Amino acid sequence: MRSANSSVLQQLCGSVPKETMQSMLPVFFREVSYRQFIDVLVPLLEDVQLLPQVSAMLMSLGASAAMLVVLNRAPKGKLSIVLKAPVEVLVPAVAAMTPGSAEEVLVPVLQEPDELLAETLVPLLGLVKEPERMAMVVNQVDARVLVPILRGVKPQALADILNGLSKEDLAPEGPAGQLLQQLGSDPGLTETKVVPLMALAAPATMVRLVQGIPAEKLLKVLESLEIEGILRLLENTNADFVVRLFNGPLDSVVQTMAGSVADVLADRTIAELVKHSTNTLQAGLAKADDVLARGQQARGAEGDGYKFGDFTVGLISMAVGQESLERGRELMEQHMEKAKQHSKPIQEGWEALQKDVAEKTESIQQNLHESLGQNALKIQAGLARGREKLSTLSCSSGTAYTKGLQEEEVFDFPEPR
């Protein structure tokens, strides 16, 4: 401490409550190694430009487990670079990290070259809207996944992706959280597929893929397809349509992407046509999804899968409105209740009506049979007389006669019973 700038120390002690310093310094002396104390902590305490950041970190974190891990493991000079990030972002982000993630993820990141820390990590911390998002990532990701991403993806693209995802997405059970966790079991996939995808695809498209495709399915798709084909497909097709495609059976996805898809889409004319077509197709599919959802809502069974009639009910719902459907349902229930109250007279009336209809139907059928029988006898008699006349005529050929006989058979009625 004798080598530290005394004026800066006085300012630091003036900005940090006395009780905090009294409780914190003995822990630092006891828990931080002598070498790290001299090489890492003392330079921070005597740098006047870092005074606001150091004061904020000490007041917020004190001698926490995460702070002690970083002080004991950080290489010389690295913290001086990272502490140049906005203090309002850096302090909450570090405070939300667990001691385990600080040791297993943050320390390996601090071992990266100064250029990466200054040109990627510090700008990234300034671009992320909510610092807790960074902590949520660090608490779930493997260093073998995070470090290649920091190396290969520009900070603006990374920030756009993080800002596009919700905190629910980044939670351990969310789609982004699940993806970060599962990437730890195959870090090689990060370098070969994930980093190029994040670096070259539009951030909004990346957000849509992560949100719309389960982590396990997305990783299988990435394993099975060439990155060039995926990038070309994402560039020239509707993002929501790609989500539908990748959510399908893996064999179908591979078959669709097999061959020269990337080469075909390299043609700008074809690519524009495909883009327009998939936009139109996705709009139709989304409309169909909305109709089905309305149908399920109308029958009061949202989310339990499609049932026959949902699409039709959905169309009706869109035409008349959900409020009208609800009113119709209420009126039907009221009608049914009234019907129950008057069920006996209704039943008696219905039975009398059925009996009357049956009697009249029987009478009509009997009269119809009699009439048909009489008409059939008259027609047959007429045909017999016609046959006698035809037989007396002489024709140059037998064609007309034969045709007449054939036409006669059409009117050959059976004998009436």
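By the UniProt record's numbering, the letter at position 331 of the sequence shown is numbered 331, and the numbering carries on one by one without gaps. Note that the Cβ used here is the ideal one computed from N, Cα and C, for glycine as well. Given the structure is predicted, the values throughout are model-derived calculations rather than measurements.
Ranked by how close their Cα comes to the Cα of residue 21, the residues 235, 178, 62 have 62 in first place. Boundaries for residue 98: no alpha helix (DSSP H) harbours it, and the DSSP string shows neither H nor E there. Secondary structure at residue 237: coil, using DSSP grouped into helix, strand and coil. Taking every protein chain shown into account, the CB of residue 204 has fewer than 16 other CB atoms within 10 angstroms, so this residue is exposed.
Runs of the alpha helix (DSSP H) lying entirely within the segment 116 to 157 and spanning at least 4 residues, in chain order: 122 to 127, 131 to 138, 143 to 152.
Taking the CA atoms as reference points, residue 82 sits about 17 Å from residue 156. Counting of Cβ neighbours within 10 angstroms places residue 169 among the buried residues, the total reaching 16 or more.
With contacts defined by Cβ atoms closer than 8 Å, residue 74 and residue 110 form a contacting pair.
Around the beta-carbon of residue 241, 16 or more other beta-carbon atoms lie within 10 Å, marking it buried. Across the structure, residue 11 and residue 29 are spaced so that their CA atoms are roughly 20 Å apart.
Linking residue 35 to residue 67 through their CA atoms gives a straight-line distance of about 16 Å.
In the structure shown, residue 171 falls within a coil segment according to DSSP collapsed to helix, strand and coil.
For residue 109, the enclosing alpha helix (DSSP H) starts and ends at 107 to 110. Assigned with DSSP and collapsed to three states, residue 201 falls in coil, not helix or strand.
Taking 8 Å as the upper bound for CB-CB distance, residue 179 and residue 215 are in contact here, some 4 Å apart. Around the beta carbon of residue 131, 16 or more other beta carbons lie within 10 angstroms, which makes this residue buried.
In the structure shown, the three-state DSSP call for residue 12 is helix.
Taking the Cα positions, residue 196 is about 8 Å away from residue 227. Taking every protein chain shown into account, the CB of residue 140 has 16 or more other CB atoms within 10 angstroms, so this residue is buried.
The beta carbons of residue 165 and residue 176 sit closer together than 8 Å. Closest in C-alpha terms to residue 104, from the list 129, 58, 69, comes 69. No Cβ-Cβ contact shorter than 8 Å links residue 147 with residue 172. Rounded to the nearest angstrom, the Cβ distance from residue 206 to residue 161 is 5 Å, consistent with a contact under 8 Å.
When 78, 16, 13, 25 are compared, the shortest CA-CA separation from residue 39 is found for 78. In the structure shown, residue 75 falls within a coil segment according to DSSP collapsed to helix, strand and coil. Counting the other Cβ atoms within 10 Å of the Cβ of residue 49 gives fewer than 16, which makes it exposed. Counting only residues of its own chain and dropping the five nearest sequence neighbours on each side, residue 137 has a CB closer than 8 Å to the CB of 146, 162, 170, 180. In the displayed model, residue 193 falls within a helix according to three-state DSSP. Per the coordinates, the alpha-carbon of residue 186 lies some 23 Å from the alpha-carbon of residue 248. Taking a contact as a CB-CB distance under 8 Å, the pair residue 134 and residue 93 counts as one, their CB atoms being some 4 Å apart.
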